[in-house]
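The structure appears right after this line, and notes come after that.
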Amino acid sequence: MRVQIEPINAKLDQLLEMKLERSITLAEYLGKKEKLVNQKVALDQRMTQIGRKGLDWLEPMKEFLLLNKDAEKVALSGDPVSFRAFLKNIGSNFLLKGKRLGFERKIGWVRAAESRSYSDWWGLYERIRTEFAGGG
């Protein structure tokens, strides 16, 4: 977006030069300047919004990766207390039906469970990042 702002700044400079050289009237100058400034302000606001919201996915992704790293250790430990704590971190609404445990997986863990093989790490990362960012 900064690339889009540069031409607007150049046009504003040209517009000012034209006004100073009296190539355009004050009314023309003010009208064109208002349009350019509005475009610039809209782009600035969008950049600010992206700056605030655009990285909201980082913290949940970090937590997901750290928990994912510990998943194998917890599963192999055989410690039911650790396993229970781990499950509480990755899901909710636990239900024991027959001899199977069912639960709703938290964001990110749905995609990880769907991906039986981790051969496509980048694809999995993109799907989970998109989910954390609110796009999935």
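When we follow this note's numbering, the leftmost residue of the sequence shown carries the number 9, and every step to the right adds one. Every residue, glycine too, gets a C-beta built ideally from N, C-alpha and C. Quick caveat: nothing in here was measured; it's all calculated off a predicted structure.
- Membership of Ser85 in the alpha helix (DSSP H) is indicated by the continuous run 66-85.
- Residue pairing by DSSP puts Lys105 in a beta bridge opposite Arg108.
- Of all alpha-carbon atoms in Ala18, Val82, Leu23, Leu95, the one lying nearest the alpha-carbon of Lys114 is that of Leu95.
- DSSP places Glu25 in the uninterrupted alpha helix (DSSP H) bounded by 10-28.
- Rounded to whole angstroms, Leu66 and Leu34 show a C-alpha spacing of 49 angstroms.
- Under the DSSP assignment, Ser31 falls outside any alpha helix (DSSP H); it carries neither an H nor an E label.
- Residue nearest to Ile58 within the set Arg10, Leu109, Glu42, Asp78 is Arg10 (criterion: CA-CA distance).
- Pairing Leu74 with Ile98 gives a Cβ-Cβ distance that is not under 8 angstroms.
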